[in-house]
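Numbering (the working numbering), first residue to last: 128 to 799. In this text, a Cβ means the ideal position worked out from N, Cα and C, and glycines have one as well.
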Amino acid sequence: MNYPHLFAPLDLGHVTLPNRILMGSMHTGLEDKASDYNKLAAYFAERARGGVGLMVTGGISPSIEGWLKPFGGRLTLPWHKPRHRKLTRAVHAEGGRICMQILHAGRYGYHPLSVAPSKIKSPITPFTPRALSARGVERTINDFVHCARRARDAGYDGVEVMGSEGYLINQFIAARTNRRSDAWGGDAARRMRFPVEIVRRTREAVGPDFIIIYRLSMLDLVEDGQDWSEIVALAKTIEAAGASIINTGIGWHEARIPTIVTSVPRAGFAWVTQKLKGEVAIPLVATNRINMPEVAERILADGEADMVSMARPLLADPAWANKAKAGRSERINTCIACNQACLDHVFQNKRASCLVNPRACHETELKIEPASTRKRIAVIGAGPAGMACASNLGERGHAVTLIDKAREIGGQFNYARQIPGKEEFHETLRYFRHRLSDAGVDVRLGQTADAALLHAGGYDEVVIATGITPRTVSFPGSDDPRVLSYLDVLARHQSVGAKVAIIGAGGIGFDVAEYLVEAAPSPTTDVTRWTREWGVDMTLEKRSGLQPPRPETPTRQVWLLQRSEGRPGARLNKTTGWVHRATLKAKRVTMLGKVGYERFDDQGLHVTVDGKPQILPVDNVVVCAGQEPNRGLAEELIAAGLTVHVIGGADVAAELDAKRAIDQGTRLAGTI
Ligand code: FAD
Ligand code: NAP
Ligand code: SF4
Numbered sequence: 128m129n130y131p132h133l134f135a136p137l138d139l140g141h142v143t144l145p146n147r148i149l150m151g152s153m154h155t156g157l158e159d160k161a162s163d164y165n166k167l168a169a170y171f172a173e174r175a176r177g178g179v180g181l182m183v184t185g186g187i188s189p190s191i192e193g194w195l196k197p198f199g200g201r202l203t204l205p206w207h208k209p210r211h212r213k214l215t216r217a218v219h220a221e222g223g224r225i226c227m228q229i230l231h232a233g234r235y236g237y238h239p240l241s242v243a244p245s246k247i248k249s250p251i252t253p254f255t256p257r258a259l260s261a262r263g264v265e266r267t268i269n270d271f272v273h274c275a276r277r278a279r280d281a282g283y284d285g286v287e288v289m290g291s292e293g294y295l296i297n298q299f300i301a302a303r304t305n306r307r308s309d310a311w312g313g314d315a316a317r318r319m320r321f322p323v324e325i326v327r328r329t330r331e332a333v334g335p336d337f338i339i340i341y342r343l344s345m346l347d348l349v350e351d352g353q354d355w356s357e358i359v360a361l362a363k364t365i366e367a368a369g370a371s372i373i374n375t376g377i378g379w380h381e382a383r384i385p386t387i388v389t390s391v392p393r394a395g396f397a398w399v400t401q402k403l404k405g406e407v408a409i410p411l412v413a414t415n416r417i418n419m420p421e422v423a424e425r426i427l428a429d430g431e432a433d434m435v436s437m438a439r440p441l442l443a444d445p446a447w448a449n450k451a452k453a454g455r456s457e458r459i460n461t462c463i464a465c466n467q468a469c470l471d472h473v474f475q476n477k478r479a480s481c482l483v484n485p486r487a488c489h490e491t492e493l494k495i496e497p498a499s500t501r502k503r504i505a506v507i508g509a510g511p512a513g514m515a516c517a518s519n520l521g522e523r524g525h526a527v528t529l530i531d532k533a534r535e536i537g538g539q540f541n542y543a544r545q546i547p548g549k550e551e552f553h554e555t556l557r558y559f560r561h562r563l564s565d566a567g568v569d570v571r572l573g574q575t576a577d578a579a580l581l582h583a584g585g586y587d588e589v590v591i592a593t594g595i596t597p598r599t600v601s602f603p604g605s606d607d608p609r610v611l612s613y614l615d616v617l618a619r620h621q622s623v624g625a626k627v628a629i630i631g632a633g634g635i636g637f638d639v640a641e642y643l644v645e646a647a648p649s650p651t652t653d654v655t656r657w658t659r660e661w662g663v664d665m666t667l668e669k670r671s672g673l674q675p676p677r678p679e680t681p682t683r684q685v686w687l688l689q690r691s692e693g694r695p696g697a698r699l700n701k702t703t704g705w706v707h708r709a710t711l712k713a714k715r716v717t718m719l720g721k722v723g724y725e726r727f728d729d730q731g732l733h734v735t736v737d738g739k740p741q742i743l744p745v746d747n748v749v750v751c752a753g754q755e756p757n758r759g760l761a762e763e764l765i766a767a768g769l770t771v772h773v774i775g776g777a778d779v780a781a782e783l784d785a786k787r788a789i790d791q792g793t794r795l796a797g798t799i
């Protein structure tokens, strides 16, 4: 059997799960409106079909006060139940199982009605919560219990009580946010009464044959969080109160240590769950950055946990479990932990999706069905846009030729994958290599497409996905061989001196800076190095798991420059930008805005910073000044009267990213 530990059944007493895979809770944005529940049902049904053992919904509030945001999803009234029944019926029809997560946001609520154990505003929300009275605490416990009972009525197999990530329950447990002196605050035993009462009374209300998962914060990663002995005591008491499973929570949302982004090592926190093994008898679930079966199997085989939770990896590939079970893990569309279409969307109040799988959360709308007429189609450029388009066209039954002048598929992903902390981008290329082959696409590498070739090919339609050309800069000395483009560094691997200025502080400028200061292999490949760099105490002797960070010495001195005013990196992605900024700060990179480029000579780069002249004594300059569309071929073909579609960077280079490229390629493929 493939991955025998991963596919070993798990007996919970009243029910046996078919495997050890838990689809962790992910807010998709579809939970918030009753009219979106058909879409949500299709989303869960597809994942149940994909073989996952147990799923957990996004957070559903037990009260209006507990909303994450105004009018967020809740299950508080009898007429909320039918919409939830759509989900449970759809999942059960596919033979799956689903729990509903009960999430009370507490002071993380993005609305003026928020409540908390004490009146202390969080650093990540603008609203100061109201402190709950003792009666208010009792009422909130009852809200959890009623919500769980309604979830049971709506057909759920269980609930997950969200006790981590800095939400209300976590706020009660930690002295950081609980300054009460009544029966719900004071010492650790009284602070933990709140979750224990929730679990105990919920068990009483729902009976023995209903799953209660408790998501327990095992590493707070914020000042004044819990210490390990308190966490162990809480876990034991929660077990005694009637929980069926304990899931792992790592880090509050306000923590300044990354917990799920792509530069976090794979399974980078499984060691925390392992420390709790033996302290409780109920199954423990390991979480965070588990994305491939080999990783999941190792965690279980080494006895670090009894189950593994994956959320984003099942957005990326709903058939993850079935593919692993069938020994086809090379066909898994791997989550690269970029957050670009999932968490970033949720923070922008947009529906979640997935960069590598644009169908995620759009299952009812974005359908790839067999084509009515088989056409001969050439796709030029095997970057993300071209790969997505060609594979979908092939799967629809078209005869597809994918041409790229490079010797390997992937386009700019071949540069992205070299960036320290972006090792996961390799997986996307592996996935597409198999998918293109399975779809019968004729992939021709090392061939530059031109108008003559495409005319001679007699194609019905041509898709131009030729990407971009890097923007060049012009100032005295910019033609010096020591002034390089990012392609000279990442594609041609030209040598770079010890002191470097980077022109342009967009996504590529930041990535190139990390490439230049980080020793290879990057700390992402080594949990011990990574935790040392970020200040995570692996001995768990320090409260909250925090210790002073000890960044490794940078391998170069780097200046990262932009012309516009303000903080470089302010426009990087919402949930990951702060990690890039913190990484470069730790590596002592000088980040400057309001820079004018005057000239380059043997003294270095002459600039003005806020109007004042300065010489940066650098050996090299690397230009990362944005990109222009590479669409000359498209224009030639259009002029010649061919049926041409232009996608990805060749279409629009401004604000291009792989999310748009793959989405555009996929959507176009559905229409030809
Ligand atoms: P490209 O990837 O540029 O592919 C175009 C392809 O066309 C190339 O393979 C080229 O060889 C081929 N081609 C061009 N002309 C011809 C021709 N005449 N004949 C044959 N072939 C031709 N995006 C993200 O979303 N997240 C990230 O974290 C991220 N990190 C990045 C890091 C780096 C260092 C870089 C450089 C880019 C990063 N990007 C990231 C950007 C992302 O890679 C691009 O947005 C994406 O690759 C654009 O896809 P595309 O298919 O339009 O073009
Ligand atoms: P970008 O994000 O547009 O940044 C370009 C940078 O160059 C800016 O700092 C810009 O700032 C500067 N610039 C623009 N024109 C210039 C000129 N003529 N002279 C000097 N400086 C100039 O582009 P990019 O960094 O090349 O990235 C390309 C795309 O890839 C982006 O859209 C990005 O989203 C995507 N990408 C994403 C990630 C990710 O992690 N999500 C990572 C890498 C790349 P000033 O104008 O202020 O100088
Ligand atoms: Fe994973 Fe990125 Fe997809 Fe989110 S958008 S599920 S992080 S690959």
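- Three or more Cβ pairs closer than 8 angstroms define a contact, and the segment 368-381 meets that threshold against the segment 337-356.
- The beta carbon of glutamate 457 is closer than 6 angstroms to those of His561 in its chain, skipping five residues each way along the sequence.
- In this structure, DSSP gives proline 597 an extended state, which the three-state scheme calls strand.
- Alanine 697 counts as exposed, since fewer than 16 other beta carbons sit within 10 angstroms of its beta carbon.
- Taken in chain order, the complete alpha helix (DSSP H) segments of 4 residues or longer contained in the segment 178-222 are 208-220.
- Runs of beta strand (DSSP E) with 3 or more residues, each lying fully within the segment 432-496, are found at 434-437, listed in chain order.
- Residue environment: leucine 204 is assigned as exposed (fewer than 16 neighbouring CB atoms within 10 Å of its CB, all protein chains considered).
- Residue environment: methionine 319 is assigned as buried (16 or more neighbouring CB atoms within 10 Å of its CB, all protein chains considered).
- Within the model, the alpha-carbon separation for alanine 509 versus glycine 776 is close to 12 angstroms.
- According to DSSP, tyrosine 724 shares a beta bridge with Val734.
- Note on threonine 528: 16 or more other CB atoms within 10 angstroms of its CB, so buried under the neighbour-count rule.
- For cysteine 516, no beta strand (DSSP E) segment is defined; the enclosing uninterrupted segment is the alpha helix (DSSP H) at 511-522.
- Beta-bridge partners of methionine 718 (DSSP): Leu687.
- Relative to the ligand FAD, phenylalanine 540 has its C-beta within less than 7 angstroms of a heavy atom.
- Shown here for threonine 658: same chain residues with a beta carbon closer than 7 angstroms to its own, the five before and five after excluded, namely Met665 in chain order.
- Scanning Phe198, Glu192, Ala169 for the CA closest to the CA of threonine 184 turns up Ala169.
- In the DSSP assignment, histidine 561 falls within the unbroken alpha helix (DSSP H) covering 552-565.
- Assigned with DSSP and collapsed to three states, serine 356 falls in helix.
- Taking every protein chain shown into account, the CB of serine 518 has 16 or more other CB atoms within 10 angstroms, so this residue is buried.
- In the displayed model, tyrosine 586 falls within coil according to three-state DSSP, outside both helix and strand.
- Selection around the ligand NAP by beta-carbon proximity, strictly under 6 angstroms to any non-hydrogen atom, yields Gln467, Arg598, Val600, Ile630, Gly631, Ala632, Gly633, Gly634, Ile635, Gly636, Asp638, Gln689, Arg690, Ser691, Asn700, Cys751, Ala752, Gly753, Gln754, Glu782, Leu783, Asp784 in chain order.
- Check the Cα spacing between valine 349 and each of Pro675, Arg277, Gly731: the tightest is with Pro675.
- Contact check for tryptophan 379 against glutamate 292 passes: the beta carbons are separated by less than 8 angstroms.
- Under the 10 Å beta carbon count, glutamate 158 is surrounded by 16 or more other beta carbons and is classified as buried.
- At a threshold of 7 angstroms, valine 483 counts as near the ligand SF4, since its beta carbon sits closer than that to one of the ligand's heavy atoms.
- Secondary structure at lysine 669: coil, using DSSP grouped into helix, strand and coil.
- Short note on leucine 442: C-beta closer than 7 angstroms to some heavy atom of the ligand SF4.
- Less than 8 angstroms divides the Cβ of isoleucine 148 from the Cβ of methionine 437.
- DSSP links threonine 528 through a beta bridge to Ala505, Asp569.
- In the DSSP assignment, leucine 259 falls outside any alpha helix (DSSP H) and carries neither an H nor an E.
- Checking the 7 angstroms criterion, the Cβ of arginine 439 is within range of a heavy atom belonging to the ligand SF4.
- Looking at His132, Glu725, Ala175, Asn297, the one whose alpha-carbon comes closest to that of alanine 232 is Asn297.
- Partner residues in a beta bridge of lysine 402, as assigned by DSSP, do not exist.
- Between glycine 693 and lysine 712, the alpha-carbon positions lie close to 16 angstroms from each other.
- In this structure, the CA atom of threonine 717 is about 42 angstroms from the CA atom of leucine 403.
- Take the alpha-carbon of lysine 166 and the one of isoleucine 325: they are about 31 angstroms apart.
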